[in-house]
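Worksheet: one structure, shown below.
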Amino acid sequence: TGLKKVKIVEVGPRDGLQNEKNFVQTDVKVNFINKLSKTGLKVIEASSFVNPKLVPQMADGIEVMKRINREPGVDYPVLVPNPKGLQNAVTADVKDIAIFAAASETFSNKNINCTINESLRRFQDVVDMANIHGIAVRGYISCVVGCPYEGDVSPEKVSEIAEKLYKMGCYEISLGDTIGVGTPGSFSKMLRAVKQVIPLERIALHCHDTYGQALANIYSALEDGVRIFDGSVAGLGGCPFAKGATGNVATEDVVYMLHGIGYETGIQLPELIKAGNYISQHLGRPNGSKAAIAMTSKL
Ligand code: HMG
Ligand code: MG
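Put into structure tokens, the structure is as follows:
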């Protein structure tokens with residue numbers, strides 16, 4: 032039944048790699064995405080089209096998008112903050128983008144160099160241009176339960192921005208716990224507010240695992256009816272504008288849990304683990320997914 036289906040949005044090639052100090056060769060990024068494309072994932076966030084001086088790791092985004100094998104039925108969104116990014120998306124024949132707002136003013140300023148209101152005005156221009164080109168738009172909100180600079184964030188602030196992004200035309204709103212401070216307590220309060228303004232089936236959760244709460248938060252959101260979760264294979268990642276924040280929840284661990292409960296993801300876990308091992312080897316560090324470590328010897 033539909034209720035037993037969960038959509039996973041793999042953000043490893045973007046959120047997972049954006050904060051890596053050493054440049055990951057374009058070839059490696061392309062191979063990584065091509066491997067992810069063979070796992071059954073339906074959405075793979077592939078890069079971001081942002082200022083390359085601020086996020087040099089993503090400077091080869093256009094090249095990556097031109098070189099990957101786009102599997103039929105798989106979407107490859109890229110982050111786009113402004114009309115310049117949208118122009119690049121058109122150049123690279125991108126069909127899906129994600130705009131990214133924040134629920135905290137300070138984080139908005141540090142991350143995208145403008146106030147929340149100013150960002151929403153810019154995003155409206157981006158969405159208008161995207162509509163002309165038939166490009167679908169996902170919306171992110173960062174700092175949905177806590178901000179590295181301002182501390183606690185109110186559920187009302189999150190629902191206010193979620194409603195605006197949704198009305199702007201975002202097909203899905205991904206609620207980001209950028210610094211992983213949330214618990215099932217703060218998440219359920221926040222979700223209760225957001226559910227009042229946008230349909231439940233349009234809500235995605237984007238958990239970072241800094242405090243080890245991500246799987247618990249995802250489980251509790253499942254109980255609250257959320258069926259879309261972002262993850263990053265091997266638990267890669269971090270945000271250059273949120274010091275100390277670790278990677279996203281490891282997609283392998285999320286998929287292992289979901290399959291264990293009886294949810295369908297369409298993902299072949301062994302293939303996902305191989306893709307995570309591939310990128311971990313290239314980064315020269317152990318796989319950050321506990322399920323991957325446990326299962327690798329049995330593959
Ligand atoms: P700005 O400085 O206000 O923009 O930056 P600007 O228009 O004044 O441009 C400054 C320079 O950037 C110019 O180049 C532009 O051409 C260039 P210069 O004249 O100095 O040589 N530029 C661009 N180049 C390529 N593509 C573009 C682009 N735009 C400007 N699209 C801007 C505003 C938003 C662009 C900037 O602050 C930026 O790029 N920030 C990076 C934001 C970012 O990537 N953050 C990490 C991702 S968000 C995240 O991780 C959170 C998330 O995972 C959810 C969660 O965990 O909560 C999504
Ligand atoms: Mg993130």
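Residues in the sequence shown are numbered from 32 upward in steps of one, following UniProt numbering. All C-beta atoms in this analysis are idealised placements derived from N, C-alpha and C, irrespective of residue type, glycine included. Because the structure is a prediction, the values reported are computed rather than measured.
Beta carbon of residue i nearer than 8 Å to that of residue j
i: VAL184; j: LEU222; result: no
i: GLY170; j: ALA132; result: yes
i: GLU187; j: ILE229; result: no
i: ILE166; j: ALA120; result: yes
i: ALA306; j: PHE54; result: no
i: VAL285; j: THR241; result: no
i: ASP127; j: PRO114; result: no
i: VAL81; j: PRO112; result: yes
i: THR282; j: GLU76; result: no
i: VAL61; j: VAL95; result: yes
i: ALA235; j: LEU206; result: yes
i: ILE304; j: ALA323; result: yes
Residue i versus the options, residue with shortest Cα-Cα distance
i: LYS38; options: ALA325, SER311, PHE260 and LEU289; result: PHE260
i: GLN299; options: VAL55, LYS36, ASP58 and LEU67; result: LEU67
i: PHE154; options: VAL176, VAL285 and ALA129; result: ALA129
i: LYS329; options: LYS321, ASN318, PRO301 and GLN312; result: PRO301
i: ASP58; options: GLY43, GLU51 and ASP91; result: ASP91
i: GLY269; options: TYR287, LEU314 and ILE210; result: ILE210
i: ALA325; options: GLY315, ALA265 and HIS313; result: ALA265
i: SER150; options: GLN56, SER173, GLY243 and HIS239; result: SER173
i: ASP255; options: LEU231, MET160 and LYS35; result: LEU231
i: LYS73; options: PRO317, THR296 and HIS239; result: THR296
i: ILE249; options: ALA224, SER217 and PHE272; result: SER217
i: GLU203; options: PRO317, GLN244, VAL168 and SER263; result: VAL168
i: GLU51; options: ILE143, THR327, ILE310 and GLY177; result: ILE310
i: ILE143; options: SER79, VAL125 and GLN244; result: SER79
For residue i, the residue or residues it bridges with in DSSP
i: VAL74; result: VAL40 and ASP106
i: LEU236; result: LEU206 and PHE260
i: TYR171; result: PHE131 and SER205
i: CYS178; result: GLY182
i: ALA281; result: SER263
i: SER311; result: According to DSSP, which records beta bridges pairwise, SER311 is partnered with nothing at all.
- So does the region 42-58 actually touch the region 274-282, counting three or more Cβ pairs closer than 8 Å? yes
- Cβ pair count under 8 Å reaching 3, the region 93-111 against the region 139-149: no
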